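Heads up, the thing below is written out as structure tokens.
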Amino acid sequence: MEKISLTGQLIQYIFTGITVGSIYAMVALGFNIIYNVTEIINFAQGEFVMLGGLIMVFFSAFLKLPLPLAFLLTVAVVTGVGALMERFTINPLKNATVLTMIIVTIAVSILLKGIAMFVWGKDPYIIPPFSGSEPIVILGAAIQTQTLWVLLMTAVVVVLLSLFFKKTRYGKAMLACADDPDAARLVGIKVNTMVLISFALSAAIGAVAGAIITPISLMEYDRGALLGLKGFGASVLGGLGSFYGAVVAGILLGIIESLCAGLISSGYKDAVALLLLLLVLYVRPSGLFGNVEAGKIKEF
Amino acid sequence: MKSSAKLVQMILLLITALVLMSSCAEKREPYKVGAVFSVTGRASFLGEPEKKTAEMIAKEINDKGGIGGHPLELVLYDDESDETKCVLAVKRLIKKDKVPVIIGPSLSGNTLAVVKVCNDNEVPLISCASSIKIVAPVEDRKWIFKAAPSDSHSVERIFEYLLTKNTRKIAIMSVSTGYGASGREQLLRLAPEMGMEILADERYGPKDTDLTAQLTRIRGTGAQAIVNWSVGPTQVLAVKNWRDLAMTSIPFFQSHGFASRKNIELAGGAAEGVLCPLGRVNIPDLVPADHPQKMVIMDYNKAYQARFKEPLSAFGGHAWDAMKLAAEALGVVGPKPATIRDYLEKRQDFVGQGGIFNFSPTDHNGLTKEAFEMVVVKDGDWALAP
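Chains A and B supply the protein sequences, listed in that same order.
Under our numbering, the first residue of the first sequence is numbered 1, with each subsequent residue one higher.
Under our numbering, the first residue of the second sequence is numbered 1001, with each subsequent residue one higher.
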């Protein structure tokens, strides 16, 4: 086989980075939505991705349902899990501190992981790519077709979310909760319902991420924690709560990791990503897109 | 009439004699074999088939009347894949159960944790784990033996195969766990000795979701072959990415950890053409009929599948070897730890599941790279590598 040119290599690294980064971005979006409404960091966010992947495997590979149907069912089921999680663990905690609720989310993540281990066992699972497995070759770099699906779905999620927040009543109500829950309650917004929606929405985004990444990376019961951690990194890097910050930071983190693995050393890739995160936080404690002055006013 | 009465008499006599003999045999004290396996916990995929195999052999031996009339008593503990519990189990076997020989543990880490206990108490241990450190340096491992082949045997086998194909420039990839690190160490150590040149040395985490960056880097170096050392999802991921990147013209080698059909299934069609060294016990049908291991492997495969209705793994084979060695030693020298140790150390040409063992005072593993056969994935199954 011919050696691949440096340009080809760079294209490869960047595509790989964008793919993985898109997943980080979606996890980060999930963190942000819940954070904005409740100030909770939901540590079960990574488990939503894991569940999305494994339930997708169940519907499409085990029950052999058509892909679009399997995908919609997966998102629906995981959304349900997110809603149930809020109703049974977050909602009953009246007047609990944010820290308590964060610890509860850790408990839920352990629980979900344990359930997944019981249901699916410890083996990894895979589903075939959504459309064909022949890679597209550009300048010697091979792009998997599933990568294009990941990019497309990420774009769809971002567009739908911004439409939701800008155009719909519920979206605007959630923005209001984010700005000031007390004032929102005063004008008649049910903050309780908004919290429920935020969990359901985050779970749905996690499910999308899990379902589209499984053909590329496989999925097993304990994948969630690391994805959650990377997504949290992206969300902090972009400025906790910032909508576009999460997307940009997620993809940036993915590209940096990939370039580091390719050009410097694969052993240091996680370290470099975290180092960068620390540096950014040192220079700009509010994250790349966080607003220092308006730190209190959270914006999607 | 007279002669038939005599016949009846004789038969009756024979039956009485047999009954007497067998009741005698039952009164003989049982020979104990201690066993510690990781039946549950993270390494249950090792311990589970090992336990089943050991119990199956114990039953076989007892059904045939035991060891020289002594019933075999298998005292088996589960260490739950935990080092501390493993040490406790071994201490219990030695102090309370007073076993003369121990088989297991399943994991290298657990075995290394009990090496000192067995040495201090002078009880021989036949480990089913693979690290070379279990039996080296042999001066400090007087009472320790090992039934599983070492990483170095697997590496030697791959390098030897590459040399026959005149391939000297290779790239290696490994996962950052104990298994990957140990394999990488052997790859780096043996490469210069065998005249291989390592152009890239890539590492990745056990939970990484994408290895295309590492593979692209390898592609940029002009390596003629890739050797990947990992277990779990990443070894499937590596194969998938290798195919996705259209790198199939660079042969891809996996470690012996790839030895499960499950991995071929998981990779979909992507594993086609992947090469790896396998113990013959995994591929009973491919072993040539005149190979000395053919018989034992076929017998074990048949017995195991008939009894447990599941495909056999190489790990169960390690327990087979350890158990048979222990039972044989008990039969020849009786339940005395010191003489069992001396017997094991002198055992030559033991035809087992993992290979043909030749133990010596300097080699408590007794296996060579010949324990492995190079195979290639062809039409979704293993085939001998051309």
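Ideal placement from N, C-alpha and C gives every residue a C-beta, glycine not left out.
Here the structure is a predicted model, which means the values were calculated and not measured.
Residues near residue i by beta carbon distance below 6 Å, same chain, minus five either side
{"i": "Asp-1381 of chain B", "result": "none"}
{"i": "Val-1376 of chain B", "result": "Leu-1275, Ala-1383 and Ala-1385"}
{"i": "Pro-220 of chain A", "result": "It should be pointed out that residue 220 of chain A corresponds to Glu in this sequence rather than to Pro. Pro-124."}
{"i": "Ala-1191 of chain B", "result": "Ile-1198"}
{"i": "Tyr-24 of chain A", "result": "Lys-230, Gly-231, Ala-234, Gly-250, Leu-253 and Gly-254"}
{"i": "Gln-1224 of chain B", "result": "Thr-1167 and Lys-1169"}
{"i": "Ile-213 of chain A", "result": "Ile-23"}
{"i": "Phe-71 of chain A", "result": "Ala-211"}
Sub-8 Å separation of residue i and residue j beta-carbons
{"i": "Ile-40 of chain A", "j": "Ile-251 of chain A", "result": "no"}
{"i": "Ala-44 of chain A", "j": "Leu-112 of chain A", "result": "yes"}
{"i": "Ser-235 of chain A", "j": "Asn-42 of chain A", "result": "no"}
{"i": "Val-20 of chain A", "j": "Gly-254 of chain A", "result": "yes"}
{"i": "Ile-14 of chain A", "j": "Gly-140 of chain A", "result": "no"}
{"i": "Met-22 of chain A", "j": "Leu-151 of chain A", "result": "According to the sequence provided, residue 22 of chain A is Ser. The question's Met does not apply to it. Taking 8 Å as the Cβ cut-off, Ser-22 of chain A and Leu-151 of chain A qualify as a contacting pair."}
{"i": "Lys-1133 of chain B", "j": "Leu-1112 of chain B", "result": "yes"}
{"i": "Tyr-1343 of chain B", "j": "Thr-1053 of chain B", "result": "no"}
{"i": "Pro-1102 of chain B", "j": "Cys-1118 of chain B", "result": "The question names Pro, yet the displayed sequence has Ile at residue 1102 of chain B. Taking 8 Å as the Cβ cut-off, Ile-1102 of chain B and Cys-1118 of chain B qualify as a contacting pair."}
{"i": "Leu-196 of chain A", "j": "Glu-86 of chain A", "result": "yes"}
{"i": "Gly-245 of chain A", "j": "Leu-288 of chain A", "result": "yes"}
{"i": "Thr-147 of chain A", "j": "Gly-132 of chain A", "result": "no"}
{"i": "Ala-1238 of chain B", "j": "Arg-1217 of chain B", "result": "no"}
{"i": "Gly-80 of chain A", "j": "Phe-48 of chain A", "result": "no"}
Buried or exposed (CB count within 10 angstroms, at least 16 for buried), residue i
{"i": "Gln-1348 of chain B", "result": "exposed"}
{"i": "Gln-1235 of chain B", "result": "buried"}
{"i": "Pro-124 of chain A", "result": "buried"}
{"i": "Ser-1360 of chain B", "result": "exposed"}
{"i": "Phe-62 of chain A", "result": "exposed"}
{"i": "Gly-52 of chain A", "result": "buried"}
{"i": "Asp-1321 of chain B", "result": "buried"}
{"i": "Gln-1009 of chain B", "result": "exposed"}
{"i": "Gly-1195 of chain B", "result": "exposed"}
{"i": "Val-283 of chain A", "result": "exposed"}
{"i": "Met-1001 of chain B", "result": "Here the model assigns Met-1001 of chain B a pLDDT of 47, short of 50, so the residue's position is not dependable and the matter cannot be decided."}
{"i": "Asp-1063 of chain B", "result": "exposed"}
{"i": "Met-1056 of chain B", "result": "buried"}
{"i": "Ile-216 of chain A", "result": "buried"}
{"i": "Ala-271 of chain A", "result": "exposed"}
{"i": "Asp-1078 of chain B", "result": "buried"}
Nonlocal neighbours in the same chain, by C-beta distance under 8 Å from residue i, ignoring five residues either side
{"i": "Ile-1067 of chain B", "result": "Tyr-1031, Ile-1061, Ala-1327, Leu-1330 and Gly-1331"}
{"i": "Val-189 of chain A", "result": "Sequence inspection shows Ile at residue 189 of chain A; the Val mentioned does not correspond to that position. Result list for Ile-189 of chain A: Ala-173, Ala-176 and Cys-177, in chain order."}
{"i": "Gly-1354 of chain B", "result": "Ala-1147, Ala-1148, Pro-1149, Gly-1279, Val-1281, Ala-1314, Gly-1317, His-1318, Asp-1321, Leu-1367 and Ala-1371"}
{"i": "Pro-1311 of chain B", "result": "Arg-1261 and Gln-1305"}
{"i": "Leu-274 of chain A", "result": "Gly-233"}
Residues of its chain near residue i, where Cβ-Cβ distance is below 7 Å and the 5 sequence neighbours each way are ignored
{"i": "Met-194 of chain A", "result": "Val-37, Ala-173, Met-174 and Cys-177"}
{"i": "Val-158 of chain A", "result": "Val-247"}
{"i": "Asp-1082 of chain B", "result": "Gly-1041"}
{"i": "Val-1333 of chain B", "result": "Thr-1339, Ile-1340 and Tyr-1343"}
{"i": "Ile-143 of chain A", "result": "Phe-15, Pro-135 and Ile-136"}
{"i": "Val-208 of chain A", "result": "Met-26, Gly-52, Val-75, Met-153 and Val-157"}
Closest Cα partner of residue i within the set the options
{"i": "Lys-1324 of chain B", "options": "B:Phe-1357, B:Pro-1311, B:Glu-1310 and B:Arg-1307", "result": "B:Phe-1357"}
{"i": "Thr-1177 of chain B", "options": "B:Gln-1353, B:Gly-1317, B:Ile-1264 and B:Val-1231", "result": "B:Val-1231"}
{"i": "Glu-1080 of chain B", "options": "B:Ile-1103, B:Asn-1119 and B:Thr-1040", "result": "B:Thr-1040"}
{"i": "Val-119 of chain A", "options": "A:Ile-55, A:Val-78, A:Ala-76 and A:Thr-97", "result": "A:Ile-55"}
{"i": "Glu-1272 of chain B", "options": "B:Pro-1192, B:Val-1287, B:Met-1247 and B:Lys-1096", "result": "B:Met-1247"}
{"i": "Phe-1258 of chain B", "options": "B:Lys-1133, B:Cys-1128, B:Met-1374 and B:Leu-1112", "result": "B:Met-1374"}
{"i": "Ile-34 of chain A", "options": "A:Gly-206, A:Arg-223, A:Lys-230 and A:Gly-267", "result": "A:Gly-206"}
{"i": "Val-1175 of chain B", "options": "A:Ala-273, A:Gly-8, A:Lys-230 and A:Tyr-268", "result": "A:Tyr-268"}
{"i": "Glu-1029 of chain B", "options": "B:Lys-1006, B:Gly-1065, B:Ala-1054 and B:Phe-1037", "result": "B:Gly-1065"}
{"i": "Arg-1189 of chain B", "options": "B:Leu-1266, B:Glu-1310, B:His-1153 and B:Lys-1262", "result": "B:His-1153"}
{"i": "Leu-69 of chain A", "options": "A:Ser-217, A:Asp-179 and A:Phe-130", "result": "A:Phe-130"}
{"i": "Thr-1167 of chain B", "options": "B:Leu-1125, B:Val-1135, B:Val-1227 and B:Tyr-1077", "result": "B:Val-1227"}
{"i": "Thr-1408 of chain B", "options": "A:Gly-262, A:Pro-181 and A:Leu-227", "result": "The structure shown does not extend to residue 1408 of chain B, since chain B is modelled only from 1001 through 1386, so no value can be given for it."}
{"i": "Leu-1076 of chain B", "options": "B:Thr-1084, B:Ile-1094, B:His-1070 and B:Gly-1069", "result": "B:Ile-1094"}
{"i": "Phe-165 of chain A", "options": "A:Gly-8, A:Leu-29, A:Thr-7 and A:Leu-10", "result": "A:Leu-29"}
{"i": "Asp-1140 of chain B", "options": "B:Tyr-1179, B:Val-1114, B:Ile-1170 and B:Ala-1171", "result": "B:Val-1114"}
{"i": "Asn-1110 of chain B", "options": "B:Tyr-1161, B:Ile-1126, B:Leu-1286 and B:Ala-1171", "result": "B:Ile-1126"}
{"i": "Ala-1270 of chain B", "options": "B:Lys-1378, B:Glu-1345, B:Lys-1309 and B:Gln-1293", "result": "B:Lys-1378"}
Residue i: CB within 7 Å of a non-hydrogen atom of the ligand COA
{"i": "Leu-275 of chain A", "result": "Among the ligands in the structure shown, none appear at all, so the ligand COA cannot be discussed."}
- Do the region 1208–1227 of chain B and the region 1237–1246 of chain B meet, that is, are 3 or more Cβ pairs less than 8 Å apart? yes
- Would you check if there are 3 or more beta carbon pairs closer than 8 Å linking the region 1082–1092 of chain B to the region 1043–1050 of chain B? no
- Could you tell me whether the region 98–110 of chain A touches the region 192–207 of chain A, using the rule of 3 or more Cβ pairs below 8 Å? no
- Would you check if there are 3 or more beta carbon pairs closer than 8 Å linking the region 1274–1285 of chain B to the region 1143–1159 of chain B? yes
- Query: Quick check: the region 1194–1205 of chain B against the region 1246–1262 of chain B, are there 3 or more CB pairs under 8 Å?
  - Reply: Not touching, per the Cβ criterion.
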